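Here the numbering used here runs 246 ahead of the position in the sequence shown, where the first position is 1. Notes follow once the structure below has been shown.
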Amino acid sequence: MKAKALREKREFRDIREMVEDIGERFCGMVAYRYRVKPHDKEVVKITYDQMRDHVRAFGTELVARGLQGKKICVIGKHTYQLIQSYYATMAIGSVWVPLDRDWTKEDLLETVRSGECDYLMCDLDIREKCEYITTELGMPAPLFLNGDGEDSLVAWREAGAKKFAENPSLYYDAPIDPDALAELVFTSGTTGQGKGVMLSQRNFMSDLSDVIPFIDFSTRCMNVLPPHHTYGSSVSIFGQNSIGCDVYISSGVKYILKELQEHKPGHLVAVPLYVETFYRRILKGIDEKGKFVAALVKGLIKLNKSCHKIGLKPFDKLFKKMILSNFGGELNMIISGGAPLNQEMAELFDGLGVKVLNGYGITECAPIIAVNHNNYIVPKSVGPVLPIVDCRIADADDSGEGEIQVKGPNIMIGYYKNDEANAEAFTEDGYFRTGDAGRMVITKEGDRILYITGRFKNIIILSNGKNVYPEEIEDALSATPGLVDIVVYEGKSRRGIAFNTIVAEIYPDKVVLDEKGITDPKAYFQKFVNEYNKTAVPYKKVGLVKVREEEFPKNTLRKILRRKMDMTID
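Here it is as structure tokens:
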């Protein structure tokens, strides 16, 4: 089956051109909804033409204050105010440097220093942390994204609106080089270890223009991802705005279910954490109906999934009302990226009438490399490689697995002032080394279907020379009832390498285990591992099961930080 576009491809030279286009094309339509405080009854609505005017005004004020072409660090939650800073900074040819507000002030200080930032904007509630940074580095006092004082975004925007009315050329004449540094994204929050990924406006614009034609976006969605990752910024902001989506900005993880029920999104851009959470909640709700009803419902889900293959949807409406009402009842699609997704989970959603489009991307590629399409889903794959991306599998073994290497207009400029990292990142003929292992199957129609095997840096090399990708074992066990997270690694023995073994370390859902009457979690999970071991090749068998009391260390995208784990076994 050849990948077919669902909509016309629309390309923009730069962000300012896009802002002007969507302001006119979607004039009067709602761009964003949000609550100032999570429990407010009133929902603030911002239309596309209002957003365009806000960007013009704030951008004008930034130019007037000498910040055109400067590096502007932004530390804050995903709010409408932060989105304005994103658009306005790029619309005048400046550089946006988003950082994680949860980092320590010391980590933030060193990152702002290494990024050579000229100005800082932040949320008012982290004022002390940010004033520490500006004082230490001799920077001007920060601008606050929220609030209404003289040092607030609103005050600057109002001042800029007057200047724009008098002289719009201040904004429109600000030079933009689409190939120059536009966003500097730091990949680590650990002092001294972070690499600054340099991305241009062309990187973002080319990537999104190649993705959007193949995805059947709905008109209503929610922003649930942090803004300092490219997946949570470029896809959630640029991508959804470029097609006129009505976006509700979530107030935070603990409010999401209520917000889903109220806003009733048709699609979500999410990481696997959300898919896994919804999956467990759905199964829990089904099982609570009793064995007979649960078996009946699960049978209908499987039947419905089979019917989808021949174009029939006999139970979609029933499931939306009976099962998906907790998520708003209108959900048709989830785009999942940022980490691998278990196929069993995707198939459950498919049976309920919700397409899960698994994709693959990394920060250095702005970020998408491949993604499944609404009308073209290849199970267990991350979908067809984008047309603009030249992809190859380097040093492939007999099974076709090797390192995924890519070239194209979405590939980063490089790492900021890091010649050594740049030399390691690119091959002599210009391909970017992703560090990910995979294989690519080319169909008779010419589509390049990509499969991800794992990360080379996580690979387990056994003493017998065999290679084990931990992600493969994690995927096989991740749908285990009562399991929240699992990490597979080579457990290090103090007795020597001959005593090392493959470990499956599990963080359990204690509520589920209590409901099941399980008093020995390790013995419970061991049964599932034993079932996996029965069919696994000898060198991929799990030798030890460990159960954690505390959650794994994670970043704000909820990715597990393996480097912070203790992997000793004795």
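The beta-carbon is built from N, C-alpha and C at its ideal position, and this holds for glycine as well. Since the structure is predicted, the reported quantities are computational estimates derived from the model, not experimental observations.
- For Y735, the three-state secondary structure derived from DSSP is strand.
- 8 Å or more divides the Cβ of K408 from the Cβ of L416.
- Look at the stretch 378-437 and you find these whole runs of beta strand (DSSP E), each 3 residues long or longer: 427-432.
- Rounded to whole angstroms, G654 and V457 show a C-alpha spacing of 14 Å.
- In the three-state reduction of the DSSP assignment, H300 falls in the helix class, which pools H, G and I.
- Taking a 10 Å sphere around the C-beta of I528, we find 16 or more other C-beta atoms and assign the residue as buried.
- Excluding residues up to 5 positions away in sequence, T699, G700, K786 lie with their Cβ nearer than 8 Å to the Cβ of E718 in the same chain.
- Annotation for G442: the continuous beta strand (DSSP E) segment containing it runs 442-446.
- Beta-bridge annotation (DSSP): E751 is paired with V733, K792.
- Burial state of D643 is exposed, judged by a 10 Å Cβ sphere holding fewer than 16 other Cβ atoms.
- Here E257 has S455 as same chain residues with Cβ atoms under 6 Å from its own Cβ, once five neighbours each way along the sequence are excluded.
- In this structure N618 is in contact with L603, their Cβ atoms being roughly 4 Å apart against a cut-off of 8 Å.
- Counting along the chain, the unbroken beta strand (DSSP E) around L603 starts and ends at 601-607.
- Around S724, the same chain offers N588, I732 as residues with beta carbons nearer than 7 Å, after the five sequence neighbours per side are excluded.
- When secondary structure is reduced to three states using DSSP, K316 falls in the coil class, being assigned neither helix nor strand.
- By the beta-carbon neighbour count (other beta carbons within 10 angstroms, threshold 16), I743 is exposed.
- Distance from the CA of G605 to the CA of E751, rounded to the nearest whole angstrom, comes to 26 Å.
- Under DSSP, K291 takes part in a beta bridge, and its partners are R279.
- Annotated as proximal: K768 and V791, with beta-carbon spacing under 8 Å.
- Non-local C-beta neighbours of D425 in its own chain, meaning closer than 6 Å and more than five positions away in sequence, comprise S446, R448, ordered along the chain.
- Counting only the Cα atoms, G322 lies some 7 Å from L328.
- Look at E691 here: in three-state DSSP terms it is coil, with no helix or strand label.
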